[in-house]
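**Student:** What follows is a single structure, and I will ask about it in a moment.
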Amino acid sequence: YDDRDGKIWMDGKLIDWRAANVHILSHALHYASSVFEGERAYNGRIFKSREHSERLHFSAGELDFQIPWTVDEIEAAKQEVLTANGLTDGYVRAVAWRGAGEDMGVASARNPVHLVIAAWEWGAYYGDAKTRGARLDISKWKRPSPETIPVHAKAAGLYMICTTSKHVAEAKGCSDALFMDYRGYVAEATGANIFFVKDGEVHTPLPDCFLNGLTRQTVIGMLKDRQIKVHERHIMPEEMEGFEQCWLTGTAAEVTPVGQIGDYNFEVGALTREIAEGYEKLVRS
Ligand code: PMP
Numbered sequence: 004y005d006d007r008d009g010k011i012w013m014d015g016k017l018i019d020w021r022a023a024n025v026h027i028l029s030h031a032l033h034y035a036s037s038v039f040e041g042e043r044a045y046n047g048r049i050f051k052s053r054e055h056s057e058r059l060h061f062s063a064g065e066l067d068f069q070i071p072w073t074v075d076e077i078e079a080a081k082q083e084v085l086t087a088n089g090l091t092d093g094y095v096r097a098v099a100w101r102g103a104g105e106d107m108g109v110a111s112a113r114n115p116v117h118l119v120i121a122a123w124e125w126g127a128y129y130g131d132a133k134t135r136g137a138r139l140d141i142s143k144w145k146r147p148s149p150e151t152i153p154v155h156a157k158a159a160g161l162y163m164i165c166t167t168s169k170h171v172a173e174a175k176g177c178s179d180a181l182f183m184d185y186r187g188y189v190a191e192a193t194g195a196n197i198f199f200v201k202d203g204e205v206h207t208p209l210p211d212c213f214l215n216g217l218t219r220q221t222v223i224g225m226l227k228d229r230q231i232k233v234h235e236r237h238i239m240p241e242e243m244e245g246f247e248q249c250w251l252t253g254t255a256a257e258v259t260p261v262g263q264i265g266d267y268n269f270e271v272g273a274l275t276r277e278i279a280e281g282y283e284k285l286v287r288s
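What follows is the structure in structure tokens.
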């Protein structure tokens, strides 16, 4: 993705895509002092744009740094990036990090904070699994306790086990991996939250040690609008045996049906389809 035409917003200016570089001694590269957002624009408008910018600020705070741009400035910058790249529909990536500076050790209070916003076209995150139903592997790694790491930040360090889990999953022909948490409860996929359906009611893990996704919150709202009961609770992996339908939610994933997790099978049922289609309509309305 580095060698292409286009414009990237970096520290207040639109610059050429190929010129958006960082120094090799950037603190973030060594110690994961980096937070980011994944957003999608539909018909020229970023869905939940402000919430994403606010979450970026929150994540930075969790890592003890402050983004030197206000939410309003970030909002304007994102629109500038979409326009400069001629995009009405696309994925928007904002990333903020501790750069290179005085500090080369673990502490980084004297190093500058940078912010970059890029955007590009990105189709269905799980490819044709979006209609067929994704197959998920179960990761050997666990989502950590909130006493271990700031679990509600969208921070680079939390993705280390996502990458390795997804590599293992893809080597098995799966689309993604599902994490259990440190207590053994069902948690989330590597970049998406999870929902299950049983007897016309919906069950989804309580986000007490992972990201409470904006898409997750949107989908819960959609279900409640339809008078469908939603149970946000701790879910044991064995319960997956009795669940009939399953889907993933995320900005990139949107609403993606799941057909299989390990040895558990799910149908791509009517409610899954309704919520997937309803979400598509909502983001474009
Ligand atoms: N969990 C993880 C680990 C993620 O990376 C994402 C994507 N940001 C989500 C959940 C879903 O969050 P959202 O709906 O806000 O995109």
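First residue of the sequence shown: 4, per full-length UniProt numbering; consecutive thereafter.
Positions of the beta carbon are idealized from the N, C-alpha and C atoms, including for glycine.
1. What is the DSSP secondary structure of leucine 90, counted as helix, strand or coil?
2. Going by DSSP in three states, glutamine 263 sits in which element: helix, strand or coil?
3. Of the residues Ala156, Ala195, Glu78, Arg113, which one's Cα is nearest the Cα of tyrosine 129?
4. Please say whether tyrosine 188 and threonine 151 have beta carbons closer to each other than 9 Å?
5. Find the nearest neighbour of arginine 113 within the set Phe68, Ala256, Gly64, judged by alpha-carbon distance.
6. Assuming glutamine 165 is part of the alpha helix (DSSP H), what are its boundary residues?
7. Am I right that valine 119 and alanine 23 are in contact with their C-beta atoms under 8 Å? What's the rounded C-beta distance?
8. Go ahead and label threonine 134 buried or exposed: buried means 16 or more other beta carbons lie within 10 angstroms of its beta carbon, across all protein chains shown.
9. Within the present structure, is the beta-carbon of glycine 194 separated from the nearest heavy atom of the ligand PMP by less than 8 Å?
10. In terms of DSSP beta bridges, what is aspartate 140 paired with?
11. Tell me which residue opens and which closes the alpha helix (DSSP H) that glutamate 54 is part of.
12. Name the residue from Gln263, Tyr162, Ile11 whose alpha carbon lies nearest to the alpha carbon of tyrosine 94.
13. Residues in the same chain with beta-carbon distance under 8 Å from valine 38, minus the five sequence neighbours each way, listed in chain order, please.
14. Give me, in chain order, the residues of the same chain whose beta-carbon lies closer than 7 Å to that of glutamate 105; leave out the 5 immediate sequence neighbours on both sides.
15. Hey, asparagine 88 and arginine 287 are a contact pair by Cβ (cut 8 Å); roughly how many whole angstroms apart?
16. Do serine 56 and glutamate 83 have their C-beta atoms within less than 9 Å of each other?
17. Nearest CA to the CA of methionine 225: which residue from Gly102, Val205, Gly265?
18. Distance, Cα to Cα, aspartate 19 vs aspartate 8?
19. Below 7 Å CB to CB, which residues in the same chain sit around alanine 256 once its five sequence neighbours on both sides are set aside?
20. With respect to 8 Å, is the separation between the Cβ of threonine 167 and the closest non-hydrogen atom of the ligand PMP below this value?
21. Take lysine 232 and list the residues in its own chain whose beta-carbon comes closer than 6 Å to its own, dropping the five residues that flank it on each side.
22. What did DSSP end up calling lysine 232 once you bin it into helix, strand or coil?
23. By the DSSP assignment, the alpha helix (DSSP H) with arginine 7 in it spans what residues?
24. Under the DSSP definition of a beta bridge, which residues are partnered with valine 119?
25. For serine 288, list the residues DSSP reports as bridge partners.
26. Taking only three categories from DSSP, how would you classify threonine 254?
27. Taking 9 Å as the cut-off, decide whether the C-beta atoms of leucine 209 and isoleucine 264 are in contact.
28. With hydrogens ignored, establish whether the beta-carbon of tyrosine 162 is closer than 8 Å to any heavy atom of the ligand PMP.
29. Work out the CA separation of threonine 218 and lysine 284 for me, nearest whole Å.
30. Could you give the DSSP three-state label for threonine 207: helix, strand or coil?
31. Can you round the beta-carbon distance between alanine 132 and serine 168 to whole angstroms, since I take them to be within the 8 Å contact cut?
**Tutor:** Straight from the coordinates:
1. Coil.
2. If DSSP states are grouped into helix, strand and coil, glutamine 263 belongs with the strands.
3. In terms of CA proximity to tyrosine 129, Ala195 leads the group Ala156, Ala195, Glu78, Arg113.
4. In this structure, the beta-carbon distance from threonine 151 to tyrosine 188 does not fall below 9 Å.
5. When only C-alpha atoms are compared, the closest one is Phe68.
6. For the record, residue 165 in the displayed sequence is cysteine; it is not glutamine. In the DSSP assignment, cysteine 165 falls within the alpha helix (DSSP H) that extends over 163–174.
7. A Cβ-Cβ distance of about 6 Å is found for the pair valine 119 and alanine 23, placing them in contact under the 8 Å criterion.
8. Flag for threonine 134 reads exposed.
9. Yes, the ligand PMP has a heavy atom inside 8 Å of this Cβ.
10. DSSP links aspartate 140 through a beta bridge to Ala180.
11. The continuous alpha helix (DSSP H) containing glutamate 54 extends over residues 52–65.
12. The residue from Gln263, Tyr162, Ile11 with its alpha-carbon nearest to that of tyrosine 94 is Ile11.
13. The beta carbon of valine 38 lies closer than 8 Å to those of Leu59, Ser62, Ala63, Glu65, Leu66, Val98, Ala99, Trp100, Ala156, Lys157, Ala158, Ala159 in the same chain, with the five residues before and after it left out.
14. Taking C-beta separations shorter than 7 Å and ignoring five residues to either side along the sequence, the partners of glutamate 105 in its chain run Arg113, Asn114, following chain order.
15. In this structure asparagine 88 does not touch arginine 287 by the C-beta definition: roughly 20 Å separates them, more than the 8 Å allowed.
16. It is not a contact, given that the beta carbons lie outside the stated cut-off.
17. Measuring from the Cα of methionine 225, the nearest candidate turns out to be Val205.
18. So the two alpha carbons sit approximately 7 Å from each other.
19. Taken in chain order, the residues that qualify are Tyr128, Tyr129, Gly194, Ala195.
20. Because no heavy atom of the ligand PMP lies under 8 Å away, the Cβ of threonine 167 does not count as near it: no.
21. Apart from the 5 residues on each side of it in sequence, lysine 232 sits with its Cβ closer than 6 Å to the Cβ of Glu204 in its chain, given in chain order.
22. DSSP, read as helix, strand or coil, puts lysine 232 in coil.
23. First-last for arginine 7: undefined, no H or E at that position.
24. Per DSSP, the beta bridge partners of valine 119 are Met13, Val98.
25. Partner(s): none; serine 288 has no beta bridge.
26. It is coil, neither helix nor strand.
27. No; because the gap between Cβ atoms is not below 9 Å, this pair is not in contact.
28. Under cutoff, so the answer is yes.
29. The straight-line gap from Cα to Cα measures roughly 14 Å.
30. Strand, per DSSP.
31. The pair is not a contact, with the Cβ atoms about 17 Å apart (cut-off 8 Å).
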